[in-house]
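Sequential numbering from 2 applies to the first sequence in my numbering.
Take a look at the structure set out below.
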Amino acid sequence: MTDRYDPQTIEKKWQQTWEETGLYKRVEDPEKEKWYFLTMLPYPSGDLHTGHWYAMSPSDAGARFARMRGKNVWFPIGFDAFGLPAENAAIKHNIHPHKWTMSNIERMRGQLKQMGAMFDWEHEAITCLPGYYQWNQWFFLKFYDMGLAYREEAPVDFCPTCNTTLAREQVWGEDRRCERCGTPVIIKNLTQWKFRITKYADELLEGLEKIDWPERVKTLQRNWIGRSEGVEFEMKIQGREDLSFRVFTTRPDTVFGMSFAVLAPEHPLVAQITTPEHKPEVDAYVTEVQRKSELVRQQDAGEKSGVFTGAYAINPANGQPVPIFIAEYVLMSYGTGAIMAVPAHDQRDFEFARKYGLPTPIVIVPKDVWEAGDADAWSDAAAAALERAFEGKEGTVMVNSGPFTGLAWPESFDKMAAWLEEHAAGERKVNYRLRDWLISRQRYWGTPIPMIHCPNCGVVPVPYEDLPVLLPEDAEFKPTGESPLKYHEGFLHVQCPVCGADAHRETDTMDTFMDSSWYQYAYISPYWKDGETLSPDDIPWDQAIGEYWLPVDQYTGGIEHATMHLLYTRFFTKVMRDMGLVDFDEPMLRLFNQGMILGEDGEKMSKSRGNVVNPDDYVSKYGADTVRAFLMFIGPWDEGGPWNPRAIDGVHRFLHRVWSLVLDAPKKRTEEKPTAQQIRNLRRATHQTLMKVTSDYENFKFNTMIAALMAFSNTLTTAKETAVYGTEAWQEAIETLLLMMAPAMPHISEELWARLGKPYSIHLQTWPLADPELAKEEEVEIAIQVNGKVRDRITVPIDIDREALEKLALASERAQKWIGDKPVRKVIVVPGRLVNIIAK
RNA sequence: GGGGCGGUGGCGGAAUUGGCAGACGCAGCGGACUUAAAAUCCGCCGGGCGCAGGCCCUUGUGGGUUCGAGUCCCACCCGCCCUACCA
């Protein structure tokens with residue numbers, strides 16, 4: 002009897018050895034295929050939680066597998082260290098955000114090391130250090146120089162709890178809550194810094210075709226970008242030759258169905274066109290809408306409201322005047338802030354028309370209705386009887402549309418668009434739902450925006466050579482949550498770099514998504530040029546090393562960043578390409594989204610539910626290998642699933658069994674010699690498992706990979722008590738088992754490898770090659786069906802021909818019993834699977 | 001309202017993509033070892049009928065295609081996620 006499996010001892014020992022021997026040291030080896038494997042960097046909240054383990058330990062297995070397959074793998078790590086929790090801790094516990102963050106990192110680094118991952122700690126990056134964030138500022142200035150950073154006053158989302166503005170991507174849910182704290186956001190009119198991400202909207206859309214990302218993420222991004230093609234054209238105001246407004250529509254084919262027009266309440270024309278008798282009503286409505294948006298914005302989406310301005314616009318298609326309304330449902334921020342309303346073919350317009358008694362003329366019908374020639378279907382009576390808008394496009398035909406009547410989609414769109422271009426100052430236009438990225442935050446714990454406000458020169462950028470603009474350490478945190486930068490005299494006062502006048506610094510800091518937008522580049526040379534003078538011609542990392550490793554080959558992380566981080570980093574890379582820093586278009590070639598690990602109750606882990614699982618408890622009880630393997634075994638990695646405190650015992654038992662399988666002598670000694678058949682069977686099991694496990698690792702199907710290893714070790718446990726024990730085939734089986742376990746369970750496999758007297762380290766071994774010939778079965782069991790029901794099973798040689806198989810099947814006594822005297826009409830033979838005899 | 005994902009034993013989940021449903025594990029039951037328990041090992045383990053050979057039913061529900069459907073098509077029910085006056 003050897004000693005028992007004791008994970009605590011061996012895990013610690015090997016982690017130390019790996020570190021001492023530099024096993025995961027990054028090397029730029031031009032002979033090997035490089036593989037930049039990246040997992041999303043953690044926020045240093047204080048403790049590594051189960052979600053981190055669930056995201057990172059399978060990633061590590063994937064990275065280790067790639068390495069054993071001969072790739073030169075780099076698997077870096079860092080900390081997303083700016084952000085609000087640090088500042089909240091400062092206010093609450095009177096501890097400086099820097100101190101709080103760094104001690105959390107210290108703690109989490111230790112926990113991460115317990116995971117036994119192949120992280121390259123030599124290139125760790127912490128985003129809150131000046132050596133890191135000076136480059137955020139450098140990028141900001143470059144963006145400013147390129148016209149991609151600008152300042153604008155506009156209504157923006159503001160979280161009253163976090164006391165800061167938010168990007169649109171950070172406002173979540175139908176009730177529009179803050180992504181961080183869940184407080185409903187309010188709208189404020191503020192002057193804020195933005196990045197012109199919309200300039201890249203088309204490219205962000207097209208680039209999705211080129212990358213191997215989950216369809217789900219691509220769809221989310223496509224919808225978020227929200228490209229829509231349409232026509233913008235001019236509407237003249239009746240009796241006011243000097244005034245007009247423009248509308249955007251995706252349905253120019255419905256223009257004859259316009260029965261009114263709507264301006265957003267904030268539309269600049271409202272004041273000018275409103276007639277005196279309607280002014281009180283219009284003013285009241287405008288103030289009401291404004292006030293409403295300053296309060297908590299409720300979802301009063303359903304009920305349409307609006308008021309008549311007293312003015313009329315001319316429908317350019319037919320010269321008819323239509324009343325102009327203002328209504329909340331038309332947004333100033335999309336399109337032109339004005340629409341043509343076609344109630345018969347747009348549900349929102351329809352609801353408005355019914356409420357205010359406006360006509361709903363039908364101008365589009367399905368093709369078959371048109372071909373039936375039943376004009377009653379688009380009569381006034383039919384229009385009056387409509388219950389909802391008909392919004393179909395494909396297979397529709399224009400009716401009641403003057404000379405255009407009878408045109409079918411998509412010709413109807415094209416002809417009307419061309420006509421509007423010619424007669425109504427129209428132009429084909431593409432609109433996007435995507436808005437520019439609001440980057441200003443009214444917080445302390447972030448990268449200072451490197452701008453200066455001068456009474457003479459206006460807004461002036463900090464010169465590159467003056468970077469970084471350091472966050473002052475002696476900040477005073479107010480319980481009101483206001484940024485200490487606003488009151489920090491030393492930080493605030495500065496001389497204008499242009500005219501030398503007394504000026505003051507921008508006190509807003511950057512959105513922390515700025516940090517993670519380029520961290521995969523920062524890892525190459527963390528804190529590059531820290532303490533040196535920067536210039537616009539710099540490259541933010543060691544270019545030679547970057548050329549070797551970039552771009553990221555495999556990225557893993559949660560799907561919650563689909564329209565935030567994952568969109569921003571793609572945008573950043575495209576800008577960096579335009580800056581000449583990189584020569585590719587997409588930052589991450591492959592992406593895998595793991596699912597979410599849930600509490601025992603199947604719900605999201607949360608303190609309030611009390612279902613939080615602390616991984617440290619399990620690591621100290623079972624060891625990291627068990628926790629890793631259990632998380633992989635739980636189910637498909639992209640689906641996540643509930644933690645099961647008892648199922649982990651099963652995985653732990655498996656590791657104990659492997660331990661004893663490899664090290665303990667068989668229970669009974671046999672003197673017999675193994676038969677050739679026994680050897681073949683053993684080798685078959687080995688190579689079959691190897692094929693299965695290899696393809697499972699390749700596809701991140703860790704759950705079935707572990708299952709296959711368990712099945713294999715069960716087979717070996719049985720085989721051990723036979724004469725094959727100790728043979729070459731047995732050695733091959735055991736070694737292959739350990740090699741297959743190595744990426745997922747790195748410690749126990751290393752320990753057993755060493756105890757077998759094999760050279761250090763198992764993680765430097767190449768992945769064994771499966772021999773499909775050895776894996777091949779000699780015999781298969783074939784199901785014999787009569788009329789689709791299994792009635793017998795026979796075992797036949799694998800390479801039996803169809804005729805022979807058919808003959809054997811028909812000869813089956815049990816099958817014959819079911820066939821009886823019914824004539825056999827057909828026999829379907831599926832080699833290696835079944836024979837189906839149809840007798841009726 | 002729109003979009004996406006999913007529904008398989010008591011539970012987590014398998015199923016070469018149209019070919020023997022339930023791999024692997026958990027829980028449960030029975031047995032061995034033990035004074036006893038834990039640990040470990042062996043056996044059984046979707047439901048129903050039968051002494052048994054065996055038979056029938058079963059992948060949310062209903063229909064369809066097919067020799068054959070968990071898998072494909074249509075309709076519906078349920079759950080989760082995202083999104084929402086985007087013209």
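Each residue gets a CB set at the ideal place from its N, CA and C atoms; glycine is no exception.
Here the structure is a predicted model, which is why all the values come from computation and not from measurement.
Taking residue i as the reference, which of the options has the closest Cα?
i	options	result
His562	Tyr335, Val218, Asp146 and Glu372	Val218
Ala62	Pro643, Glu587, Gly547 and Ala625	Ala625
Leu486	Pro480, Val495 and Ala476	Ala476
Tyr357	Phe309, Asp538, Pro322 and Asp381	Phe309
Gln321	Glu372, Ile707 and Gly258	Gly258
Gly52	Val613, Asn715 and Trp75	Val613
Tyr522	Trp550, Ser484, Thr728 and Val659	Trp550
Lys305	Met633, Thr22, Val263 and Ser762	Val263
Ala285	Leu270, Pro266 and Gln273	Pro266
Ala202	Val431, Pro769, Lys13 and Pro541	Val431
Gly47	Asn89, Met109 and Glu230	Met109
Among the residues of its own chain, which have a CB less than 8 Å from the CB of residue i, if the five just before and after it don't count?
i	result
Glu474	His97 and His99
Glu604	Arg610 and Asn612
Lys668	Glu722
Please list, in chain order, all residues of the same chain as residue i whose beta carbon is under 7 Å from its beta carbon, the five residues on each side excluded.
i	result
Cys458	Cys497, Val499 and Cys500
Met580	Lys143
Pro451	Gln138, Phe141, Leu142, Pro462, Val463, Leu468 and Val470
Thr361	Ser260, Pro344, Ala345, Phe351, Ala354, Ala384 and Leu387
Ala150	Phe141, Phe144, Trp194 and Phe196
Phe573	Ser518 and Trp519
Cys160	Leu167, Cys179, Cys182, Thr184 and Val186
Val583	Leu551, Thr574 and Met577
Which two residues bound the contiguous beta strand (DSSP E) that contains residue i?
i	result
Pro322	Pro322 to Ala328
Tyr1	In the structure as shown, the chain starts at 2 and stops at 841, and residue 1 therefore has no counterpart that could be examined.
His454	Met452 to Cys455
Ser229	Ser229 to Ile238
Ile707	It is not in any beta strand (DSSP E) - Ile707 instead sits in the alpha helix (DSSP H) that spans Phe703 to Lys721.
Ala272	First-last for Ala272: Val271 to Ile274, but that is the alpha helix (DSSP H), not the beta strand (DSSP E).
Asp415	No beta strand (DSSP E) contains Asp415, which is instead part of the alpha helix (DSSP H) from Glu412 to His424.
Thr397	Thr397 to Met399
So, under 8 Å CB-CB, residue i and residue j are touching, yes? Tell me the CB distance rounded to an integer number of Å.
i	j	result
Glu780	Val791	Not confirmed; about 18 Å, so no contact.
Ala745	Ala630	6 Å
Val725	Gln678	Actually they are not in contact, since the Cβ atoms of Val725 and Gln678 sit about 10 Å apart, beyond 8 Å.
Thr793	Ala812	Note that residue 793 corresponds to Asp in the displayed sequence, not to Thr. Actually they do not touch by this definition, with Cβ atoms about 10 Å apart.
Asp81	Leu42	5 Å
Phe234	Leu270	The Cβ separation is near 16 Å, so there is no contact.
For residue i, which residues of its own chain have a beta-carbon under 6 Å away from its beta-carbon, when the five flanking residues on both sides are left out?
i	result
Asn73	Asp30, Lys33 and Lys35
Pro215	Asn594
Met692	Ala771 and Ala776
Arg877	With the chain covering only 2 through 841, there is no way to say anything about residue 877.
Glu295	Unreliable placement is indicated for Glu295, whose pLDDT of 44 sits below 50; no coordinate value is reported for it.
Val287	Pro266
How far does the alpha helix (DSSP H) with residue i in it extend, from its first residue to its last?
i	result
Gln17	Pro8 to Glu21
Leu691	Ala677 to Glu699
Pro747	Pro747 to Arg756
Glu477	Unbroken run through Glu477: none, as it is neither H nor E.
Glu548	Gln544 to Trp550
Met103	Pro98 to Gln115
With 16 as the cutoff for other CB atoms within 10 Å, does residue i come out buried or exposed?
i	result
Ser334	exposed
Ile829	exposed
Thr671	exposed
Phe585	exposed
His1	The requested residue 1 does not occur in the structure, where the chain is confined to residues 2 to 841.
Arg826	exposed
Thr165	buried
Lys280	exposed
Tyr6	buried
Gln555	buried
Met413	What sits at residue 413 in the sequence shown is Ser, not Met. By the neighbour-count rule (16 or more Cβ atoms within 10 Å), Ser413 is buried.
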